[in-house]
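Below is one structure, written out as structure tokens; the observations come after it.
2 protein chains.
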Amino acid sequence: MNIDQANDEATERMIEARAVLVGVGKARDVIPGMRDDLLMHAGPPITWDRASGPLRGAITGALIFEGKATDEAEARALVESGAISLEPCHHHQTVGPMAGVTSPSMSVYIVENETHGNRAFSNMNEGYGKVLRYGAFDDEVQQRLRWMEDVMAPVLKDAIEASGGIDIKALLAEALHMGDEGHNRNKAGSILYLKALAPRVARISPDAETAAAVLQAIGDNALSVLNPVMAACKAMADAAHDIDGSTIVTTMARNGTDFGIRVSGLGGRWFTAPAQIPRGLYFPGYGDDDANADIGDSTITETAGIGGFAMATAPAIVTFVSGTPRDAINATMEMYEITHAEHKYFNMPALDFRGTPTGIDLRKVIETGITPRVNTGIAHKEPGIGQIGAGLVRPPMAIFEEALVAFAEHYGF
Amino acid sequence: MNIDQANDEATERMIEARAVLVGVGKARDVIPGMRDDLLMHAGPPITWDRASGPLRGAITGALIFEGKATDEAEARALVESGAISLEPCHHHQTVGPMAGVTSPSMSVYIVENETHGNRAFSNMNEGYGKVLRYGAFDDEVQQRLRWMEDVMAPVLKDAIEASGGIDIKALLAEALHMGDEGHNRNKAGSILYLKALAPRVARISPDAETAAAVLQAIGDNALSVLNPVMAACKAMADAAHDIDGSTIVTTMARNGTDFGIRVSGLGGRWFTAPAQIPRGLYFPGYGDDDANADIGDSTITETAGIGGFAMATAPAIVTFVSGTPRDAINATMEMYEITHAEHKYFNMPALDFRGTPTGIDLRKVIETGITPRVNTGIAHKEPGIGQIGAGLVRPPMAIFEEALVAFAEHYGF
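Just so you know, the protein sequences line up as chains A and B, in that order. Per the working numbering: the first sequence = residues 3 to 415. Per the working numbering: the second sequence = residues 3 to 415.
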């Protein structure tokens with residue numbers, strides 16, 4: 003078995019995957035294995051007793067949304083009794099930002115990898131402030147979710163279907179030329195998404211006021227495209243998974259307690275260790291003491307070669323996550339040290355159109371002692387509060403060490 | 003008289019001008035001095051016999067649009083007889099890209115400088131391909147102009163008015179963080195413009211199909227915001243004009259035959275010399291032999307501190323105008339040599355958020371021997387054809403020399 007060849011195959015599949023947003027559907031109707039007693043969440047598997055504040059808050063909010071609980075105590079009882087199961091989004095071809103909690107009645111984006119045929123899913127972005135994904139769950143959050151579900155989702159469904167599919171890979175390639183890195187900065191991508199949708203939203207909405215409200219919600223939210231982008235990256239990463247003998251990392255995800263990875267050649271096994279507190283910039287009035295540990299599936303972007311790996315093309319992001327434009331270039335240069343390939347379609351003008359560093363090679367992480375760079379939002383550690391900042395974080399080295407040992411054992415080195 | 007102080011005042015006025023798009027109106031109704039027998043054009047004054055092919059083509063097209071001519075021979079007769087006058091857009095607080103021909107019945111954007119109270123105007127952008135501003139004038143061009151006038155302009159007028167005004171300065175500052183330089187690359191700016199308009203267009207259009215068509219036209223045209231941007235830059239540059247003792251250049255404009263400048267401390271006087279052929283990248287099938295000399299008022303962007311002066315923030319533009327990302331940074335660095343100030347609101351993340359070089363100082367151009375860098379489209383030299391490429395150009399040094407001599411004479415040095 004030749005590991006380099008396996009990694010060539012894995013990264014080529016990741017890079018050649020053509021991820022197209024093809025529709026919207028209720029989670030229970032479209033996500034394989036979704037069921038009425040299931041909530042999906044970000045990161046590796048977890049139980050209620052080990053769940054962080056924002057994850058507990060989001061679980062509570064999702065059960066209120068489903069009409070199954072009215073407060074955190076009821077939510078806890080349902081989960082602890084086993085009446086409601088928790089499983090990772092990643093076990094269901096799905097990814098969710100921050101807490102990532104996705105319940106059966108929520109509408110999700112459907113992304114299809116037209117090269118290899120696999121699908122991936124992600125919920126819809128709520129915007130900023132007090133939102134479910136950061137652990138808030140009060141009436142304001144519920145009303146927003148209700149509007150998204152009842153008003154926005156049907157319009158987006160029809161608009162996306164009428165478009166014949168929106169090529170998220172092409173959109174991302176363009177956004178990377180417009181100062182986005184595709185994870186924490188999706189300003190350009192979100193208005194490219196608006197551009198693709200706008201005429202169709204105007205044409206198919208039930209009335210002008212609905213069209214206006216949906217266009218406003220998509221346009222005003224600089225993260226509106228994050229969720230289709232994450233699903234697109236998931237479709238790319240999944241295409242690279244299960245290649246015999248490959249040391250490429252195909253999942254990086256955090257549940258607010260643990261950071262977990264999975265490796266192409268090691269099937270479904272998770273390698274986990276405690277997640278870190280991100281270092282970055284806090285909103286006024288908040289600091290390190292308020293911060294929850296790293297949370298969310300949005301690290302799927304770095305897994306697919308963008309996000310923190312493409313910082314060099316997004317110098318303006320440093321005003322949001324801290325650092326200088328020089329640091330942003332250094333971040334990308336460092337990631338070339340631990341990746342197997344350079345992306346063929348995602349390139350960075352500032353680096354003479356060099357392809358982004360793509361496909362984390364477990365071996366290189368160990369050899370160089372360099373862990374992946376991740377851009378992320380920072381959630382308050384208590385349920386019910388929300389986002390308090392944004393910054394940078396790295397996974398613990400231990401999970402890569404453990405994975406390499408497992409790889410050696412599995413393949414009999 | 004202290005020239006430095008005068009230049010401080012001129013550049014501060016230019017930089018502090020807050021240019022807001024406040025409306026749309028017919029040129030004859032809103033532009034000071036516009037009249038039924040007048041056509042405005044880009045650049046310094048010119049007569050039919052010296053006009054270039056694309057300018058003659060655009061004049062012909064505008065007179066067909068006005069119902070006053072049916073072909074080039076009739077257009078020529080009207081202009082040569084004096085039945086139709088030609089005057090620069092710049093004499094009427096107006097700017098127009100490429101040929102810049104603006105006729106009385108055309109709708110124009112109205113931009114107001116809320117800091118100093120002056121207004122500026124620009125026509126609406128037609129998109130790419132066979133268009134009036136590049137000298138095309140056939141039925142296809144006329145139908146497009148008619149649709150813009152009859153369908154798009156009323157919707158944009160209502161949408162802009164309903165918005166309470168769109169802050170083009172703020173939009174530009176944002177677009178400069180998204181890979182635009184604001185002259186040849188307005189991809190981000192145009193979809194930021196779409197974002198500002200979309201909900202209002204949906205709400206205000208007479209029907210859903212009209213809303214869809216207008217949103218498609220604005221979204222699909224990566225130059226849709228160029229014209230409001232040019233009017234905004236004109237409002238900024240005009241705010242800096244007529245400062246006694248200032249050597250700041252407040253107009254740079256080309257009519258396809260001559261390149262002309264005007265200077266803040268020298269009133270309305272033009273200094274002109276033959277325009278150059280831009281050097282750049284041609285569309286397939288075209289080359290230098292087909293190119294018209296430099297044309298258009300869009301150099302108002304460089305005059306106000308963006309465009310070629312902000313190349314460092316738009317490395318992706320080199321795929322369109324030639325060169326490398328390093329050249330783009332060098333272009334901006336060079337422009338600091340000939341400018342008086344650094345912009346307070348337009349800054350470039352890639353240069354550690356340094357302000358763009360703003361306010362060309364006539365004296366520095368002469369001292370350094372460096373002429374301003376201009377990004378531009380390239381028109382075919384024959385009327386009726388259109389755009390054939392894009393590239394870089396500089397004004398002739400002679401006009402700066404002549405202006406400095408005039409300055410010395412005027413102020414008695």
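Glycine is no exception: its CB is placed at the ideal position from the N, C-alpha and C atoms.
Under 8 Å between C-beta atoms, does A:Leu173 make it to chain B?
For the purposes of this step, residue 173 of chain A is taken as residue 171 along the first sequence, with counting starting at 1. Answer no: the Cβ-Cβ gap between A:Leu173 and chain B never drops below 8 Å.
In the DSSP assignment, find the alpha helix (DSSP H) that holds A:Pro317 and state where it starts and stops.
Translated into the one-based positions of the first sequence, residue 317 of chain A becomes position 315. Premise fails: A:Pro317 is in no alpha helix (DSSP H) and is neither H nor E.
If we call anything under 8 Å between Cβ atoms a contact, is A:Met232 one with A:Ser124?
As a first step, residue 232 of chain A is located in the first sequence; it is residue number 230 there, counting from the start. As a first step, residue 124 of chain A is located in the first sequence; it is residue number 122 there, counting from the start. In contact: A:Met232 and A:Ser124 (Cβ atoms closer than 8 Å).
Take A:Thr117 and list the residues in its own chain whose beta-carbon comes closer than 6 Å to its own, dropping the five residues that flank it on each side.
Within the first sequence, residue 117 of chain A is the residue found at index 115, counting from 1. Once the five neighbours on either side are set aside, the close Cβ partners of A:Thr117 are Glu18, Ala19 and Arg20.
Unbroken beta strand (DSSP E) runs of length 3 or more, entirely within the segment 268-339 of chain A: which are they?
273-276 and 281-284
State the DSSP-derived secondary structure class of B:Tyr111, mapped to helix, strand or coil.
Position 109 of the second sequence, counted from the start, is the residue given in the question as residue 111 of chain B. It is a strand residue.
Assign B:Asn257 to buried or exposed, taking buried as 16 or more other Cβ atoms, counted over all protein chains shown, within 10 Å of its Cβ.
What you label residue 257 of chain B is simply residue 255 of the second sequence in a count that begins at 1. Buried is the call here.
Could you say if the segment 194-213 of chain B and the segment 91-100 of chain B meet the contact criterion of at least three C-beta pairs nearer than 8 Å?
no
Find out if the Cβ-Cβ distance for the pair A:Ile401, A:Phe261 is shorter than 8 Å.
Along the first sequence, read from residue 1 onward, the residue named residue 401 of chain A stands at position 399. Along the first sequence, read from residue 1 onward, the residue named residue 261 of chain A stands at position 259. Against a cut-off of 8 Å, the Cβ pair of A:Phe261 and A:Ile401 comes out as a contact.
Answer yes or no: does any C-beta atom of chain A fall closer than 8 Å to that of B:Ile99?
Residue mapping note: residue 99 of chain B aligns to position 97 of the second sequence, counting from 1. In the sequence under discussion, the amino acid at residue 99 of chain B is Pro, which differs from the Ile named in the question. Chain A contact via Cβ: absent.
Chain A partners of B:Gln218, CB-CB under 7 Å?
Position 216 of the second sequence, counted from the first residue, corresponds to residue 218 of chain B. Near B:Gln218 (Cβ distances below 7 Å), the residues of chain A are Pro201.
Please return the same chain residues whose Cβ sits closer than 7 Å to the Cβ of A:Asp290, not counting the five positions on each side in sequence.
In the first sequence, the residue the question calls residue 290 of chain A occupies position 288. Result list for A:Asp290: Ile279, in chain order.
At which residue ranges does the segment 14-98 of chain A contain complete beta strand (DSSP E) runs of 3 or more residues, listed in the order of the chain?
21-28, 40-43 and 87-90
Would A:Leu394 pass as an interface residue toward chain B - the criterion being a Cβ-Cβ separation below 8 Å?
Sequence index remark: in the first sequence, residue 394 of chain A carries index 392 (1-based). No, its Cβ sits nowhere closer than 8 Å to a Cβ of chain B.
Run through chain A and tell me which residues come within less than 8 Å of B:Thr326, C-beta to C-beta.
Mapped onto the second sequence, residue 326 of chain B falls at position 324. Per Cβ cutoff of 8 Å: Asp354.
Which runs of the beta strand (DSSP E) at least 3 residues long sit entirely within the segment 221-260 of chain A? Give them in chain order.
251-257
Which one of B:Ile368, B:Cys91 and B:Glu114 has the shortest CA to CA distance from B:Ile250?
Walking along the second sequence from the start, residue 250 of chain B turns up at place 248. It is B:Ile368.
Would you say the segment 133-152 of chain B touches the segment 267-277 of chain B, given that touching needs at least three Cβ pairs under 8 Å?
no
What is the DSSP secondary structure of A:Ser105, reduced to helix, strand or coil?
To locate residue 105 of chain A, count along the first sequence from 1; it is residue 103. A:Ser105 falls in the coil class under three-state DSSP.
Can you tell me which residues form a DSSP beta bridge with A:Leu134?
Mapped onto the first sequence, residue 134 of chain A falls at position 132. In the DSSP output, where bridge partners are listed per residue, A:Leu134 has none listed.
B:His412 by DSSP, collapsed to three states: which one?
Locating residue 412 of chain B in the second sequence gives position 410, where the first residue counts as 1. Helix, per DSSP.
With distances taken between CB atoms, is the gap from A:Ala234 to A:Ile170 smaller than 8 Å?
Along the first sequence, read from residue 1 onward, the residue named residue 234 of chain A stands at position 232. Along the first sequence, read from residue 1 onward, the residue named residue 170 of chain A stands at position 168. Yes, the Cβ-Cβ distance between A:Ala234 and A:Ile170 is below 8 Å.
Rounded to whole angstroms, what's the CA-CA distance from A:Thr396 to B:Asp6? Just pull it up for me.
Residue mapping note: residue 396 of chain A aligns to position 394 of the first sequence, counting from 1. Residue mapping note: residue 6 of chain B aligns to position 4 of the second sequence, counting from 1. The displayed chain sequence assigns Arg, not Thr, to residue 396 of chain A. C-alpha separation (whole angstroms): 51 Å.
Given that B:His179 touches chain A, what residues does it touch there, using C-beta distances under 7 Å?
Mapped onto the second sequence, residue 179 of chain B falls at position 177. Here the neighbours are Gly181 and Ala318.
Could you check the C-alpha separation between B:Asp51 and B:Ser300 for me, to the nearest Å?
In the second sequence, counting from the first residue as 1, residue 51 of chain B sits at position 49. In the second sequence, counting from the first residue as 1, residue 300 of chain B sits at position 298. Cα to Cα, the separation comes out at about 24 Å.
How far does the beta strand (DSSP E) with B:Ala343 in it extend, from its first residue to its last?
Here residue 343 of chain B corresponds to residue number 341 of the second sequence, with the count starting at 1. Judged by DSSP secondary structure, B:Ala343 falls within the beta strand (DSSP E) whose first and last residues are Thr341 to Met350.
Going by alpha carbons, who is nearest to A:Ala4 out of A:Asp31, A:Ala405 and A:Ser248?
Reading the first sequence from its first residue, position 2 is the one you call residue 4 of chain A. According to the sequence provided, residue 4 of chain A is Asn. The question's Ala does not apply to it. Minimum Cα distance to A:Asn4 is reached at A:Ser248.
Is there contact between the segment 132-142 of chain B and the segment 78-91 of chain B, where contact requires at least three CB pairs shorter than 8 Å?
no
Out of A:His382, A:Pro317 and A:His342, point me to the one whose CA is closest to A:Pro351's CA.
Position 349 of the first sequence holds residue 351 of chain A. Of the listed residues, the one whose Cα sits closest to A:Pro351 is A:Pro317.
For the alpha helix (DSSP H) that A:Ile193 lies in, which residues bound it at each end?
Residue 193 of chain A sits at position 191 when you count from the first residue of the first sequence. Its alpha helix (DSSP H) spans residues Lys189 to Ile206.
Quick one, which of A:Ala275, A:Val32, A:Leu57 and A:Ala75 has its alpha-carbon nearest A:Val110's?
In the first sequence, counting from the first residue as 1, residue 110 of chain A sits at position 108. Closest option to A:Val110, Cα to Cα, is A:Val32.
Would you kindly report the start and end of the unbroken alpha helix (DSSP H) that includes B:Pro156?
Here residue 156 of chain B is taken as the residue at index 154 of the second sequence, counted from 1. Element bounds for B:Pro156: Ala155 to Ser165.
Could you check whether the Cβ of A:Ala210 sits closer than 8 Å to any Cβ belonging to chain B?
Locating residue 210 of chain A in the first sequence gives position 208, where the first residue counts as 1. Yes, A:Ala210 lies at the interface with chain B (some Cβ there is under 8 Å from its Cβ).
Could you name the residues of chain B that A:Pro351 contacts, counting a contact when the two beta carbons are closer than 9 Å?
By one-based count along the first sequence, residue 351 of chain A stands at place 349. Simply Gly181, Ala316, Pro317, Ala318, Ile319, Val320, Thr321, Pro327 and Ala330.
With respect to the alpha helix (DSSP H) encompassing B:Ile368, which residues constitute its N-terminal and C-terminal limits?
As a working note, residue 368 of chain B is residue 366 in the second sequence. That run of the alpha helix (DSSP H) goes Leu364 to Thr370.
For B:Ala75, count neighbouring Cβ atoms within 10 angstroms of its own Cβ and tell me buried if that reaches 16, exposed if not.
Walking along the second sequence from the start, residue 75 of chain B turns up at place 73. The residue is exposed, with fewer than 16 neighbouring Cβ atoms inside 10 Å.
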